[in-house]
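Residue numbers (the working numbering): 2 to 64.
In structure tokens form, the structure reads like this:
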């Protein structure tokens, strides 16, 4: 879609979503905020949907 086309042309994209398939389909990097604090910021290749979900929910404290 449009996000992929913009990304391919070098545009920076900020995607805010809790839908992991969407995030992992287009992101190069993921940052996770929980209760206003950044708990993770890493390349998408170094994480998994399960880890990101755990960070969002608090099941994992900090990456």
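Glycine included, C-beta positions come from ideal geometry on N, C-alpha and C.
_Inter-residue spacing [alpha-carbon to alpha-carbon] between residue 15 and residue 58_ = 21 angstroms
*asked:* Counting C-beta neighbours from all protein chains within 10 Å, is the total for residue 48 16 or more, i.e. buried, or is it exposed?
replied: buried
*How big is the Cα-Cα spacing for residue 5 and residue 41?*
23 angstroms
*Just to confirm, are residue 35 and residue 45 a CB contact at a threshold of 8 angstroms?*
no
*In three-state DSSP terms, what is residue 36?*
coil
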